[in-house]
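Student:
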Amino acid sequence: MLKLMLLTFIALGLSITQSIAETKEQLAIATEHYPPYVMQQPINGLRGFDYEVATETFLLLGQSIEVSFFPWKRVLLYAKLGKTVATLTCAYRKDREGFLLYSDPISEFTSGFYVRKNFDGPQAISFADIKGQRIGSVVGYDSFNELQDVGLKPIRANNTKAGIGMLIAKRFDYLYLAQQSTDFIIKQMSLTDQLDFYPISKKSYHLCFSKNHPGVKPLIDAFNGALIDLKKSGRYQIIHDKYR
């Protein structure tokens, strides 16, 4: 019985290794420019902590990746069509279950509301607090969809930088976005001392694999195992420390 179990485990391991070996050409991964998680061009020599974590995790598997940048809607479309193996840096949403499989968490984000300093409107502790107020977010982002899901009607911004500018220009009074990425851009715009942030929730980001791309299930298992090894080695923390 023990011998049979050992043979089964060996066969399973060989099967997974073979599946990964068959994809030794660069894996196509789609993303958008989303600092500090992923950056299309290096900023101060950095490509983004999710970019680095994904790259180094796959290297532990002997696998290189090709990361291509597109608008977010196209990133999700390519995942639906199976034209890419995975989407870098995405959050879980129920409406994505039909076409995405999620890795273990690779990072996290804090969602919340930005307001202008000394703004005297209601404090944004919850969605209910700002019902009826002028709220903005980036169209196509999870944050925009989340506002719609709870019955709010956000004003559309085309990207994070535009949303920050619209908030400063008083086009709306609350900007709902993820803190880590938005803070990075606010700092680049030299506006840190002009805005306050009210956190609402904390969630995980994942590497999201396309259900419609062949052979992804053993690849996810292998990626998750290598991610554990990356964290145990201390490399994961070293990567993140560079961005603090």
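With the numbering used here applied, the sequence shown has no gaps in its numbers, which climb one by one up to 345 at the end. We treat Cβ as the ideally placed atom computed from N, Cα and C, and that holds for glycine. Remember, predicted model here, so these are calculated numbers, not experimental data.
Assuming contact is defined by CB atoms lying nearer than 8 Å, are F159 and S165 in contact in what I supplied?
Tutor: Counted from its first residue, the sequence shown places residue 159 at position 58. Counted from its first residue, the sequence shown places residue 165 at position 64. Yes, the Cβ-Cβ distance between F159 and S165 is below 8 Å.
Student: For the beta strand (DSSP E) containing S227, name the first residue and the last one.
Tutor: Your numbering for residue 227 matches position 126 in the sequence shown. Element bounds for S227: n/a, residue is neither H nor E.
Student: Going straight from the alpha carbon of D243 to that of A155, what length do you get?
Tutor: Mapped onto the sequence shown, residue 243 falls at position 142. Mapped onto the sequence shown, residue 155 falls at position 54. Going by the C-alpha atoms only, they are around 21 Å apart.
Student: Relative to the C-alpha of C191, which residue among K254, K174, T293, Y344 is closest?
Tutor: Counted from its first residue, the sequence shown places residue 191 at position 90. Nearest C-alpha to C191: K174.
Student: Please name the residue in K288, E167, V139, S208 whose C-alpha comes closest to that of Q338.
Tutor: To locate residue 338, count along the sequence shown from 1; it is residue 237. Nearest option by C-alpha distance: S208.
Student: Taking 8 Å as the threshold, find out whether the region 256–263 comes into contact with the region 175–189 through three or more Cβ pairs.
Tutor: They do not touch, by the three-pair rule.
Student: What did DSSP end up calling G237 once you bin it into helix, strand or coil?
Tutor: Counting from one through the sequence shown, the residue named residue 237 turns up at place 136. Note: G237 maps to strand in three-state DSSP.
Student: Could you tell me which uninterrupted alpha helix (DSSP H) segments, each at least 4 residues in length, are contained entirely in the region 260–312, listed from first to last along the chain?
Tutor: Entirely contained in the region 260–312, the alpha helix (DSSP H) runs reaching 4 residues are, in chain order, 261–269, 280–289.
Student: Residue range of the alpha helix (DSSP H) that E153 falls in?
Tutor: One-based indexing of the sequence shown puts residue 153 at position 52. 150–161 is the span of the alpha helix (DSSP H), which, as asked, contains E153.
Student: Please report the straight-line C-alpha distance between F324 and L162, rounded to a whole angstrom.
Tutor: Taking the sequence shown and counting its residues from 1, the one referred to as residue 324 is at position 223. Taking the sequence shown and counting its residues from 1, the one referred to as residue 162 is at position 61. Spanning the two alpha carbons is a distance of roughly 8 Å.
Student: Output the boundary residues of the beta strand (DSSP E) element that contains I130.
Tutor: On the sequence shown, position 29 is the one that residue 130 refers to. I130 -> beta strand (DSSP E) spans 128–132.
Student: Taking DSSP's pairing of strands, which residues face A180 in a bridge?
Tutor: As a working mapping, residue 180 is identified with position 79 in the sequence shown. For A180, which the question treats as bridged, DSSP gives no partner whatsoever.
Student: By a C-beta neighbour count over all protein chains shown, 10 Å radius and 16 as the cutoff for buried, is D330 buried or exposed?
Tutor: For this step, residue 330 is matched to residue 229 along the sequence shown. So D330 counts as exposed.
Student: DSSP three-state call for L253: helix, strand or coil?
Tutor: Position 152 of the sequence shown, counted from the start, is the residue given in the question as residue 253. Residue state, collapsed to three classes: coil.
Student: Would you say L162 touches the ligand FAD, meaning its beta carbon is less than 7 Å from a heavy atom?
Tutor: By its list of ligands, the structure shown contains no ligand whatsoever, and the ligand FAD lies outside what it can speak to.
Student: Assign V251 to buried or exposed, taking buried as 16 or more other Cβ atoms, counted over all protein chains shown, within 10 Å of its Cβ.
Tutor: The sequence position of residue 251 within the sequence shown is 150, counting from 1. Classification of V251: exposed, given that the 10 Å Cβ count is below 16.
Student: Over the uninterrupted alpha helix (DSSP H) stretch that includes Y326, give me the two end residues.
Tutor: Stepping through the sequence shown from its first residue, residue 326 is reached at position 225. Reading off the sequence shown, one finds Gly at residue 326, where the question assumed Tyr. Element bounds for G326: 317–334.
Student: Should E126 be labelled buried (16 or more other beta-carbon atoms within 10 Å of its own) or exposed?
Tutor: As a position in the sequence shown, residue 126 is number 25, starting the count at 1. Classification for E126: exposed.
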